[in-house]
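Chemist: In the UniProt record's numbering, the protein residues as written are 1 to 123.
The beta-carbon is built from N, C-alpha and C at its ideal position, and this holds for glycine as well.
For reference, the structure I am asking about is given below.
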């Protein structure tokens with residue numbers, strides 16, 4: 001049987017663990033603020049640096065506000081765009097104005113606009 005002091009100490013450690021979990025979630029939410037509909041990106045993705053730099057330059061230098069990325073299935077479009085949206089420099093430039101919308105061959109303009117408004121209305 002544990003003493004009262006030992007029980008209190010265990011309770012403090014449990015509370016500390018729960019606080020760490022809460023702070024971890026809060027930090028994650030703060031880091032991803034403004035990313036509307038952007039899926040998480042896996043760590044340790046290789047082979048996209050050159051393309052990512054080119055897209056970032058295009059957004060920063062030309063005043064481009066909207067990017068459309070297209071290509072054959074499986075070539076890495078989704079991964080590249082997720083990396084771009086989660087990039088700290090891009091988040092600093094666009095803040096809460098990053099909206100991620102998936103468009104397929106079958107998407108109509110109405111569906112695309114509905115997706116955009118859905119993300120905007122979540123503010």
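Ignore the nearest five residues each way along the sequence and tell me which others in residue 55's own chain have a CB closer than 6 Å to its CB.
Modeler: Numbered from its first residue, the chain shown carries residue 55 at position 55. Cβ neighbours of residue 55 beyond the five flanking positions: 84.
Chemist: Could you give the first and the last residue of the continuous alpha helix (DSSP H) run that contains residue 53?
Modeler: Walking along the chain shown from the start, residue 53 turns up at place 53. For residue 53, the enclosing alpha helix (DSSP H) covers residues 49 to 61.
Chemist: Taking all protein chains shown into account, decide if residue 118 is buried (16 or more other Cβ within 10 angstroms of its Cβ) or exposed.
Modeler: If you number the chain shown from 1, residue 118 lands on position 118. Result: exposed.
Chemist: Taking 8 Å as the limit between beta carbons, can you name the residues of its chain near residue 50, skipping five residues before and five after?
Modeler: To locate residue 50, count along the chain shown from 1; it is residue 50. If we look at residue 50 and ignore the five residues flanking it on each side, it has no Cβ neighbours.
Chemist: Measure the alpha-carbon distance for residue 87 versus residue 42 and round it to whole angstroms.
Modeler: On the chain shown, residue 87 is found 87 positions in, with the first residue counted as 1. On the chain shown, residue 42 is found 42 positions in, with the first residue counted as 1. Distance between the alpha carbons of residue 87 and residue 42: 13 Å.
Chemist: Indicate the three-state DSSP secondary structure (helix, strand or coil) for residue 81 in the structure shown.
Modeler: Against the chain shown, residue 81 aligns to sequence position 81. Residue 81 falls in the helix class under three-state DSSP.
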